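See below for the structure under consideration.
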Amino acid sequence: MMDIFLCLKQPSRMVDSKRMRMTSNFQWILLTFLLLYLMNQVSSQKKRTPHDLKCVTNNLQVWDCSWRAPSGAGRGAAYEVCIENGSHSCYRLEKNTKIPALSPGDHEVTINFGSSISKFTLNEKDVSFIPDTPEILNLSADFSTSTLHLKWNDKGSVFPRHSNVIWEIKILRKKNMEIVKIMTHNTTLNGKDTVHHWSWTSDMPLECATHYVGIRCHIDDPKFSGHKEWSNWSLLKNISWSSDSQTKVFPQDKVILVGSDITVCCVTQEKVVLALIGSTNCPLIHLDGENVAIKIHNISASESSGTNVVFSVEDNMFGTVIFAGYPPDIPQKLNCETYDLKEIVCTWNPGRPTSLVGPRNTSYTLFESFSGKCVRYKRAEVPTNESYQLFFQMLSNQEIYNFTLNARNPLGQSESTLLVNVTEKVHPHTPTSVKVKDINSTAVTLSWHLPGNFAKIKLLCQIEINKTNSVHELRNITMKGVENSSYLIAVDKLNPYTIYTFRIRCSTKPFWKWSKWSNEKQYLTTEAIPSKGPDTWREWSSDGKNLIIYWKPLSINEANGKILSYNVSCSSDEETQSLSEILDPQHKAEIQLDKNDYIISVVAKNSVGSSPPSKIASMEIPNDDLKIEQAVGMGNGILLTWNYDPNMTCDYVIKWCNSSRSEPCLMDWKKVPSNSTETVIESDQFRPGVRYNFFLYGCRNQGYQLLRSIIGYVEELAPTVAPNFTVEDTSADSILVRWEDIPVEELRGFLRGYLFYFEKGERDTSKMRGLESGRSDIKVKNITDISQKTLRIVDLQGKTSYHLVLRAYTDGGMGPEKSMFVVTKENSVGLIIAILIPVAVAVIVGVVTSILCYRKREWIKETFYPDIPNPENCKALQFQKSVCEGSSALKTLEMNRCTPNNVEVLETRSMVPKTEDTEIISAVAERPEDSSDVEPENHVVVSYCPPVIEEEIANPGADEAGGASQVIYIDIQSMYQPQAKPEEEPENDPVGGAGYKPQMHLPVTSTVEDLAAEDDLDKTAGYRPQANVNTWNLVSPDSPRSTDSSSEIVSFGSPCSINSRQFLIPPKDEESPKSSGGGWSFTNFFQNKPND
Amino acid sequence: MSRREGSLEDPQADSSVSPLPHLEAKIQQTHSLARLLTKYAEQLLQEYVQHQGDPFGLPGFSPPRPPVAGLSAPAPGHAGLPVPERLRLDAAALAVLPPLLDVVRRRQAELNPRAARLLRRLEDAARQARALGAAVEAVLGALGAETGGPRAEPATAAAAAIAAAATGGVFPAKVLGLRVCSLYLEWVSRTEADLGQLAPGGPA
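In order, the protein sequences belong to chains A and B. In terms of full-length UniProt numbering, the first sequence opens at residue 1 and continues consecutively. In terms of full-length UniProt numbering, the second sequence opens at residue 1 and continues consecutively.
Here it is, written out as structure tokens:
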């Protein structure tokens, strides 16, 4: 229509462009108008007759039908309604009519209104079923549980048949009626009016806000085929808490399950500013007025005093406590038993803690279903993990009990059941009053008290028997239970005179649990006769006259009491003689016997009687085929083995002793059965490193024969001392060492050898460190032949110090060291050779030189010492020209004109001239050090000037007298006259008297001479041509004068030298010690050699 | 501690020849007891708060101070009263406190059955308050002042009132218990201060 309208409003715009299209649309519009017109005509026709017939029912029995009145019909108009329902029924009614429910199927309904007649077809399917609005009979509230209780009537009596009803209930909260919940509730109509109840628990305390409740229903009749619709909502009913104007918090002290949600509200007239759960702030939910609420989600378990929820108003604070916990766990390990068959004790474990204490704690009730009796657990508080227990009095003639243990707390309950036959669950009390009484030495009676009435059952008791130093023994005894709780049994198979400790525990048959052990009861059994004779041995005394009988004390088991004494008797073929009674604790007896064979008997006696005798023969069976063997033990003992010998009919005996102890050798002995071939000897007395002697005896016809003799150690140790060793012999390349044996006590094992170390080294500088570390400079000799007592060390170096170390070793280890320093002798032959060869060479050279000199003496003379020296041949000149040119040190060799002088030889007997002479001669003689070295008495100074020599030996015997003959060569030249008082002039002419004296006195002026003297002081100091060559003697450079090589006065030992005084020294002087330094020797020869 | 209490529970047992030293000794002894009990009361209050859960133990938490029937806090003008009058008020309050502390202990036994120390302290506090009250009465008697005499009725009434209040709800019971413990501390420390006025060397 709108399109049409729009099209009509805008024809001009469409004419041109859409002429053809407009034509077709127009046709369509015309058709539409035509159709509308026809429909309007039909409707108008209908409105003139009753129309829109509708039927509803609220009880399925009556239909309430209505229709629309025709136009023009006024209120109160009458209609005739006819229904074809098998029969034709007509009703004259007003607008609405109630007709009985029609059967299923179509029914023709004719409504006549005046002249107009309307016909309808009515079917049940067209009828709506709308139940009556339900009415709430009662709405109540349980504020403590926040539960609303609703009550209403279903009015089922009006319905013809049973039908299912769905009730829908809505909960609204607060004054603005917020829908909180809509829930359905199903019931069944049973033809009678029934009041229904419905409850709902609010998540919010009902005190917090007004709660409204409404209800409607929907009846589902399966036979009704029409429309089934909901009834209308009932009138709302509300529940509100009447506040007394006091601020309160709800809920109070609520117990809730851990993990659940809870809403807490504060009903107040004041403005709440803060809400806390514990220490946590919570957002406020505003309710009516100033009321607020908070919501706690997934609450955790509270502590003992609960979870505090606090609301703060401006100047006050309100709160509540929430207890979040768990419902009780199923009681675990429920167990019921009895101690005495009078009372049943049931125990259990509470399981998971509930986190609830005090009044909210779990309460337990034990219910016995057969008797219908129950007991309640009345204990305020127990630790969390402690098991609970309840006592239930047993009933006579009832053995089987069916227990149910119920656990309950505000959050729920749980239970555990147990069916038990108490006669099979007996856990007896601890036996008390244990007593012991004698029967005999091997049996006692044991009595005790066991509380309870066990007359109907059997008891199984266990007796623990403890003996000192022995494993405990358990004996089980089954006995019939008694009513008076006293029990008595006999315990046999005990040892006499033994301390026993008894204790008892009991159970029942069938077994359930042992009681606790009773207190221990100690008891000593009575004595019995010793069960066997003592273990005996015998030894002859060292003098062989007495036989010493030894025996060992009997063990406690064998003695059967306290041994008081021993009886020793001696028997031969002829007679038996009781020798003596030896009181304990002596365990040997000495008997004087001859060499006949006797049998010695020993018996032990206690207060009850004597033991069987122990017998031993006095004599040994000889055995010559013995050698001493060695054995080493295992630390705590030593294993001895031997071959089986069928001849040995009695037992074997091994005795042993410390080898270093004196006779008789007996420390202990051991008897071994005759069929044995080995035994381990153990003793507390054995000590490591101690040598023991072991003797194995075989027994044959009561006689013992020594089979083996063994020395051994239970454990070998290293020697405690080093072997003493000495050096027997020392040569230049070897040392012979000898050592001694180590005593057995200090050897502490079988000697296996010696280790000998040696190295070069001085005392205090060489320390033999790290002998075992493999030092390459240490040589080691391992001497495994223990009989060897000497060792020669060869290939040593002469005159060298050696460090020697010797130590012994056993299988137990190395002993300590003993060391020594030895110096080898010098190699004398080599030394001699080393000395002789150079001497021989020197002698040969000397001899050859002498021979050569002798043979060429003429030539030498001509060459070196002519009678009249030829200046051409003078070596001094040669030196001047060649070698010595430019050397000031050799200027003394320059040949000056030498003016021969007269020589006056004077001999003085006194020392005065000597002094004068000393003053005359050169300054060399005046050197202080020289004067200090030479004794003045023997000091002969010669001043010499050839060629004219007047020699006068005034007193030849003066040499023998030891006086020094002095030859003074006096220069007759006037200016060199010797002065009577030489001490007045030495300073003026220190050289003139001692220095060079020209051989030829040439006529020279004094000026020239002075000049020469001044220029060549040193040159003129030495040369003195010799008048007599036979008196020449070679001057040693190391003579006192010539030792000073640095001196400018150089002596060549030639006739030119002023120091050639030795030619002038009397022969006796050469023998004197003073002249020895100037004697000819190889040393001098060698030392002068470079100067040649 | 117990020996001290034992000796103080019968403060008049020890007769003295000289009344003045006897009085001084009694005052001194009572003052020492009050000082000791002040320390114990502080510990009790701390222990009590610890076992009530948050927010009781939080700093800044100021729970309401509900009135306790038969017992009020020391008045602000208490210090201005004459010493005998103060001691009379102290003794009266100390006489009311033991049943109140017993009620608190019973309620705490339900809430904190495993808090043995708190329960023991509450039990001790009741006994100690009784002993201190008797000691103060003895001092008053020795001073020649009129004592309040036995006042069983107010104490019983207070206990009944607080018991009724304590059964109302756990939270109010906790608050009430805290209030009782606080009052105990206040009165014991007040008594200590008042006795300090009389003690040798004190301000009086």
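Glycine is no exception: its CB is placed at the ideal position from the N, C-alpha and C atoms. This one's a predicted model, so the numbers in the text were calculated from it and none came from an experiment.
CA-to-CA distance, residue j to residue i, given in whole angstroms
| i | j | result |
| --- | --- | --- |
| residue 1093 (chain A) | S611 (chain A) | Residue coverage of chain A in this structure runs from 1 to 1092, which leaves residue 1093 (chain A) outside it and unanswerable. |
| C346 (chain A) | L45 (chain B) | 42 Å |
| D624 (chain A) | P646 (chain A) | 19 Å |
| L419 (chain A) | E368 (chain A) | 9 Å |
| I837 (chain A) | V845 (chain A) | 12 Å |
| N1059 (chain A) | A840 (chain A) | Note that N1059 (chain A) scores a pLDDT of 42, beneath 50, so its modelled location is shaky; the value from the coordinates is reported in the next line. Going by the C-alpha atoms only, they are around 31 Å apart. |
| L37 (chain B) | D288 (chain A) | 49 Å |
| R1024 (chain A) | F864 (chain A) | Low local confidence applies: a pLDDT of 44 at R1024 (chain A) is under 50, so the model's placement there is unreliable, and no value is given. |
| D221 (chain A) | L206 (chain A) | 37 Å |
| I628 (chain A) | G761 (chain A) | 44 Å |
| residue 1111 (chain A) | Y713 (chain A) | The first residue shown for chain A is 1 and the last is 1092, placing residue 1111 (chain A) beyond what the model contains. |
| E858 (chain A) | I851 (chain A) | 13 Å |
| I294 (chain A) | G319 (chain A) | 12 Å |
| L198 (chain B) | P99 (chain B) | 28 Å |
| V175 (chain B) | A324 (chain A) | 20 Å |
| residue 1095 (chain A) | V292 (chain A) | Chain A is shown only over 1 to 1092; residue 1095 (chain A) falls outside these bounds and no answer can be derived. |
| L30 (chain A) | S225 (chain A) | 45 Å |
| T362 (chain A) | A109 (chain B) | 16 Å |
Residue burial classification, residue i (beta-carbon count within 10 angstroms, cutoff 16)
| i | result |
| --- | --- |
| R106 (chain B) | exposed |
| Y644 (chain A) | exposed |
| W348 (chain A) | buried |
| G105 (chain A) | exposed |
| Q128 (chain B) | buried |
| F403 (chain A) | buried |
| R179 (chain B) | buried |
| K223 (chain A) | exposed |
| D194 (chain B) | buried |
| T445 (chain A) | exposed |
| L488 (chain A) | exposed |
| V104 (chain B) | buried |
| A1027 (chain A) | Confidence in A1027 (chain A) is poor, its pLDDT being 41 and thus under 50, which makes the residue's placement unreliable; the coordinate value appears in the next sentence. Classification for A1027 (chain A): buried. |
| T201 (chain A) | exposed |
| S860 (chain A) | For clarity, residue 860 (chain A) is Ile in the given sequence; the question names Ser instead. I860 (chain A) is exposed by the Cβ-count criterion. |
| E178 (chain A) | exposed |
| T432 (chain A) | exposed |
| L366 (chain A) | buried |
Rounded Cβ spacing between residue i and residue j (contact assumed at less than 8 Å)
| i | j | result |
| --- | --- | --- |
| L706 (chain A) | W642 (chain A) | Not quite, the Cβ-Cβ distance comes to about 12 Å (not below 8 Å), so this is no contact. |
| L172 (chain A) | L236 (chain A) | 7 Å |
| V375 (chain A) | L390 (chain A) | 5 Å |
| L183 (chain B) | L71 (chain B) | 6 Å |
| Y79 (chain A) | F33 (chain A) | Actually they do not touch by this definition, with Cβ atoms about 36 Å apart. |
Check whether the segment 255-269 of chain A touches the segment 404-413 of chain A, taking contact to mean three or more Cβ pairs, one atom from each stretch, closer than 8 Å. yes
Does the segment 522-535 of chain A come into contact with the segment 567-579 of chain A, if we say contact requires no fewer than three beta-carbon pairs (one atom in each stretch) closer than 8 Å? no
Check whether the segment 790-808 of chain A touches the segment 712-727 of chain A, counting contact only when three or more Cβ pairs, one atom from each stretch, lie closer than 8 Å. yes
I'd like to know if the segment 49-58 of chain B and the segment 303-312 of chain A are in contact, where contact means that at least 3 CB-CB pairs between them fall below 8 Å. yes
Taking only runs that begin and end inside the UniProt domain "Fibronectin type-III" (721-828) of chain A, name each unbroken beta strand (DSSP E) of 3 or more residues, in chain order. 725-730, 735-739, 751-760, 779-783, 790-793, 801-810, 818-823
Please identify, using Cβ separations under 9 Å, the residues of the segment 52-67 of chain B that lie next to chain D, in order along the chain. Within the model displayed, chain D is absent; protein chains A and B are what it includes.
Any contact of the segment 726-740 of chain A with the segment 673-686 of chain A, i.e. 3+ C-beta pairs under 8 Å? no
In chain order, which continuous runs of the beta strand (DSSP E) of length 3 or greater are located wholly inside the UniProt domain "Fibronectin type-III" (533-624) of chain A? 536-540, 546-551, 563-571, 576-583, 588-592, 599-606, 614-617
Three CB pairs or more closer than 8 Å across the segment 139-158 of chain A and the segment 110-128 of chain A: no
When you compare the segment 580-590 of chain A with the segment 556-570 of chain A, are there three or more beta-carbon pairs, one atom per stretch, that lie closer than 8 Å? yes
Take every Cβ of the segment 693-703 of chain A, pair it with every Cβ of the segment 773-787 of chain A, and state whether three or more of those distances are shorter than 8 Å. no
Taking contact to mean at least 3 C-beta pairs separated by less than 8 Å, is the segment 792-803 of chain A in contact with the segment 820-838 of chain A? yes
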